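Under the working numbering, the first residue of the sequence shown is numbered 95, with each subsequent residue one higher. Here a beta-carbon is modelled for each residue, glycine too, at the ideal position from N, C-alpha and C. In this text the structure is predicted, and so the values were computed from the model without any measurement. What follows is a set of notes on a single structure, which appears directly below.
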Amino acid sequence: MTRASWNIGDLLKVTTSYLKEKGIESPRLTAEVLLADLLETDRVTLYLQFEKPLTKKELSGYRNLVSRRVRREPLQYITGVQEFWSMTFQVDSRVLIPRPETELLVEQALARAGECDSEGDTRCRLLDLGTGSGVLAICLAKELPKWEVWATDVSPGGLEVARMNAEKHGVGDQIRFRQGDLFQPFRSEKILFHLIVSNPPYVAAEEYGSLPPEVREYEPRAALAAGKGGMDFIAQILRDARDFLAPGGRLLVEMSPEQTDEAMKIAHGTYCYGEIERVRDYSGRYRVLCVRKLSEDSLLGDRES
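What follows is the structure, given as structure tokens:
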């Protein structure tokens with residue numbers, strides 16, 4: 095990109111070749127997304143304006159964006175947005191970039207939301223543990239407008255991003271955000287939830303070094319790493335959730351397919367969960383563990399037997 099003048103078509107062509115040489119995944123798409131972001135337009139419009147020249151300022155700005163991507167900064171952090179559940183969310187280095195597979199948590203939560211039988215003035219309550227950018231809490235709040243939604247995160251910066259996204263999508267008043275690690279914000283309160291969802295850190299410490307540089311060098315380690323085997327947070331959530339689930343309430347946790355066997359053993363070992371099941375993602379691999387807290391009568395029956 096040393097020529098004095100470039101039009102959109104030629105610039106995209108040479109940038110695609112450059113990104114491909116540097117080993118960047120989906121080089122053509124990346125070149126288009128970065129240029130569309132710079133010009134504040136969409137990719138379709140780029141194709142309608144192939145002969146349009148860029149100004150020196152635009153060309154300099156584009157070079158900067160391409161350089162950032164070549165240094166393996168995630169595309170979503172460069173543009174500041176990520177799509178999830180057909181909605182656009184703000185993201186930056188304070189939060190994990192939402193993954194498409196996490197939409198399975200939204201689907202499974204919605205499939206079980208009808209089980210909530212609220213009485214009188216008591217609203218059905220949902221908790222998103224470790225909300226990050228807020229995608230789970232926000233999508234579920236949009237889909238369940240009559241529910242009371244809570245979201246926690248240990249990171250003040252993460253909660254700031256989540257609040258911005260909640261306001262952007264019109265559910266800022268429906269979601270109650272609390273700072274703290276997992277259930278810590280509720281230790282002194284008697285709040286029970288009908289649904290608890292979580293996409294906790296679950297990358298094994300021994301696997302962290304082999305992650306792609308986009309993940310390893312840019313995304314927050316605290317939102318990814320979870321000790322040896324990656325089970326630290328999953329195990330804690332399964333053991334502690336029984337104190338915060340309403341009888342008959344559901345807990346849904348995302349994890350690696352390789353972790354579901356161990357997670358099921360932990361769930362069975364708590365002796366307070368029934369209907370313990372694994373849910374497959376669209377690739378056919380187990381991705382979500384779903385458990386249901388037994389009612390008091392069921393618990394008493396189990397003890398007597």
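Exposed unless 16 or more other CB atoms sit within 10 angstroms - verdict on residue 126: buried
For residue 270, the three-state DSSP class (helix, strand or coil): When secondary structure is reduced to three states using DSSP, residue 270 falls in the strand class.
Sub-9 Å separation of residue 200 and residue 169 beta-carbons: Residue 169 sits away from residue 200, with the two beta carbons spaced by 9 Å or more.
Option in 388, 333 and 359 with minimal Cα separation from residue 340: It is 388 whose Cα lies nearest to the Cα of residue 340.
Three-state secondary structure (DSSP) of residue 387: strand
Helix, strand or coil at residue 301 [DSSP, three-state]: Three-state result, residue 301: helix.
Alpha-carbon to alpha-carbon, residue 322 and residue 136: 43 Å
C-alpha gap between residue 142 and residue 103, whole angstroms: 10 Å
Rounded distance between the beta-carbons of residue 110 and residue 121, thought under 8 Å: 5 Å
Residue 181 versus residue 148: straight-line alpha-carbon distance, rounded: 30 Å
Beta-carbon separation (whole angstroms), residue 220 vs residue 243, contact threshold 8 Å: 5 Å
Same chain, Cβ closer than 7 Å to residue 203, five either side skipped, listed in chain order: Here the set comprises 234, 289, 291 and 346.
Residue 327: first and last residue of the uninterrupted alpha helix (DSSP H) it sits in: 326-334
Every unbroken beta strand (DSSP E) within the region 176-233, with a cutoff of 3 residues, ordered by chain: Positions of the beta strand (DSSP E) runs, each at least 3 residues long and wholly inside the region 176-233, are given as 181-184 and 219-223 in order along the chain.
Local Cβ density within 10 Å of residue 306, reported as buried at 16 or more and exposed below that: exposed
Simplified DSSP state of residue 398, which is helix, strand or coil: For residue 398, the predicted model reports a pLDDT of 42, less than 50, meaning its position is unreliable; a value from the coordinates is still stated below. If DSSP states are grouped into helix, strand and coil, residue 398 belongs with the helices.
Alpha-carbon to alpha-carbon, residue 196 and residue 263: Between residue 263 and residue 196, the C-alpha separation is close to 19 Å.
Residue 308 burial status per 10 Å Cβ neighbour count (16 or more: buried): Per the 10 Å Cβ criterion, buried.
Whole-angstrom distance between residue 252 and residue 283, CA atom to CA atom: 23 Å
Residue 276 at chain D interface by Cβ criterion, 9 Å: Checking the listed chains, one finds no chain D in this structure; it contains a single protein chain.
Near the ligand NAD: residue 292 beta-carbon under 8 Å from a heavy atom: For the structure depicted, the ligand NAD is absent and the ligand set is empty, with no information on it obtainable.
Pair within 9 Å by beta-carbon distance, residue 187 and residue 314: yes
Beta-carbon gap between residue 367 and residue 336 smaller than 9 Å: yes
Separation of residue 119 from residue 150, as counted between CA atoms: 27 Å
Coil, strand or helix - residue 379 by DSSP: coil
Extent of the continuous alpha helix (DSSP H) run through residue 109: 102-115 is the span of the alpha helix (DSSP H), which, as asked, contains residue 109.
Alpha-carbon spacing of residue 241 relative to residue 217, whole angstroms: Annotation: residue 241 to residue 217 spans about 6 Å, alpha carbon to alpha carbon.
Residue from 123, 207, 171 and 192 whose Cα sits closest to the Cα of residue 317: 192
Buried/exposed call for residue 227, threshold 16 Cβ in 10 Å: buried
Own chain residues within Cβ distance below 7 Å of residue 174, not counting five before or after: 184, 185 and 186
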